[in-house]
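*Asks:* Residue numbers (the working numbering): 142 to 338. Glycine included, C-beta positions come from ideal geometry on N, C-alpha and C.
(1) Measure from the alpha carbon of residue 202 to the alpha carbon of each residue in 297, 160, 283, 320, then state which is nearest.
(2) Kindly indicate which residue of 233, 321, 257 has the alpha-carbon position closest to the one of residue 148.
(3) For the region 269-288 and the region 170-188, state whether three or more C-beta atom pairs, one from each stretch, are separated by less than 8 angstroms.
(4) Please state whether the Cβ-Cβ distance between residue 288 and residue 277 is less than 8 angstroms.
(5) Compute the Euclidean distance between the alpha carbons of residue 177 and residue 221, then round it to the nearest angstrom.
(6) When DSSP labels each residue in this structure, what does residue 321 get in the three-state scheme?
(7) Within the continuous alpha helix (DSSP H) that includes residue 302, where are the two ends?
(8) Would you identify the three-state DSSP class for residue 332, choosing helix, strand or coil?
(9) Kindly provide the ranges of any alpha helix (DSSP H) runs that are 4 or more residues long and lie completely inside the region 187-257, ordered along the chain.
(10) Any idea if residue 343 is buried or exposed, counting beta-carbon neighbours within 10 angstroms, 16 or more meaning buried?
(11) Apart from the five residues just before and just after residue 236, which ones in its own chain have a Cβ nearer than 6 angstroms to its Cβ?
(12) Below 6 angstroms CB to CB, which residues in the same chain sit around residue 163 once its five sequence neighbours on both sides are set aside?
(13) Contact defined as beta carbons within less than 8 angstroms: I believe residue 219 pairs with residue 309. What is the distance between those atoms, to the nearest angstrom?
(14) Can you check DSSP and say which residues form a bridge with residue 260?
(15) Go to residue 266, then tell me how far its beta strand (DSSP E) extends in each direction, as first and last residue.
(16) By a C-beta neighbour count over all protein chains shown, 10 Å radius and 16 as the cutoff for buried, is residue 251 buried or exposed?
(17) Give me the residue from 279, 307, 197, 330 with the minimum Cα distance to residue 265.
(18) Going by CA-CA distance only, name the one from 263, 313, 179, 272 that's closest to residue 296.
(19) Mind checking whether residue 269 and residue 241 have CB atoms under 8 angstroms apart?
(20) List the residues that DSSP assigns as beta-bridge partners of residue 152.
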């Protein structure tokens, strides 16, 4: 479980294909400072399990399902990624409950700069709009954000200077893919109501 508050911008150092999977190596001195084999680290919103840690770099195995359902398959050495260690029971919940389970890949549809912030619009993958509500929470590439508005095919967010400076969202361009995780509570409510009907 994560909070969507990015701790560090990491750098992909290697991607080694392994049949229907890949081994990803990411440099992140902060998130690896107390990481060990088996720990969870969110990489652009995807929960990955640490295989090894060496000199500020960790490796993780990424299975085909994850490569197909997220933007991790498009990463290349040198790419920057958002990193967050798993939450503990003593962690402040500054964002919202984030599982690290990607629901779909969106693309950036529009960026409109403000004086010190930026309005960003994302094209929603089919089937996810029903889980996105105005003033609700959504995770974009691992970043916990508040939805400013939504329609059937897009949603908007406002990025503050801190988010622009300390996450990959400050550097992405129109057309770039991003991982989305909708609020898990909405999915549970839908499932429970569907079972009653």
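*Replies:* According to the structure data:
(1) Taking the chain shown and counting its residues from 1, the one referred to as residue 202 is at position 61. Residue 160 is the option with its Cα nearest to residue 202.
(2) Translated into positions along the chain shown, residue 148 becomes position 7. Of the listed residues, the one whose Cα sits closest to residue 148 is 233.
(3) Three or more Cβ pairs closer than 8 angstroms define a contact, and the region 269-288 meets that threshold against the region 170-188.
(4) Within the chain shown, numbered from 1, the residue matching residue 288 stands at position 147. Within the chain shown, numbered from 1, the residue matching residue 277 stands at position 136. Cβ distance < 8 angstroms, so residue 288 and residue 277 count as in contact.
(5) Working through the chain shown from its first residue, we reach residue 177 at position 36. Working through the chain shown from its first residue, we reach residue 221 at position 80. Each residue's Cα considered, the two are about 22 angstroms apart.
(6) Numbered from 1 along the chain shown, position 180 holds the residue referred to as residue 321. Residue state, collapsed to three classes: strand.
(7) Locating residue 302 in the chain shown gives position 161, counting from the first residue. Counting along the chain, the alpha helix (DSSP H) containing residue 302 begins and ends at 302-307.
(8) Position 191 of the chain shown, counted from the start, is the residue given in the question as residue 332. Of the three classes helix, strand and coil, the one that applies to residue 332 here is helix, per DSSP.
(9) 205-210
(10) Not covered by the structure: residue 343. The range shown for the chain is 142 to 338.
(11) Working through the chain shown from its first residue, we reach residue 236 at position 95. Closer than 6 angstroms at the Cβ level, and outside the excluded window around residue 236, lie 144, 145, 146, 285.
(12) Here residue 163 refers to the residue found at position 22 of the chain shown. Counting only Cβ-Cβ distances below 6 angstroms, and skipping sequence neighbours, we find 156, 203.
(13) As a working mapping, residue 219 is identified with position 78 in the chain shown. As a working mapping, residue 309 is identified with position 168 in the chain shown. Going by Cβ atoms, the distance from residue 219 to residue 309 rounds to 13 angstroms, so no, they are not a contact pair.
(14) The residue you call residue 260 lines up with position 119 of the chain shown. Answer is 253, 299.
(15) By 1-based counting over the chain shown, the position of residue 266 is 125. For residue 266, no beta strand (DSSP E) encloses it, and the DSSP letter there is neither H nor E.
(16) In the chain shown, the residue the question calls residue 251 occupies position 110. Its Cβ having fewer than 16 others within 10 Å, residue 251 is exposed.
(17) Residue mapping note: residue 265 aligns to position 124 of the chain shown, counting from 1. Nearest of 279, 307, 197, 330 to residue 265, Cα basis: 279.
(18) In the chain shown, counting from the first residue as 1, residue 296 sits at position 155. Closest option to residue 296, Cα to Cα, is 263.
(19) Within the chain shown, residue 269 is the residue found at index 128, counting from 1. Within the chain shown, residue 241 is the residue found at index 100, counting from 1. Cβ distance not < 8 angstroms, so residue 269 and residue 241 don't count as in contact.
(20) Mapped onto the chain shown, residue 152 falls at position 11. DSSP, once it has assigned bridges, lists 168, 221 as partnering residue 152.
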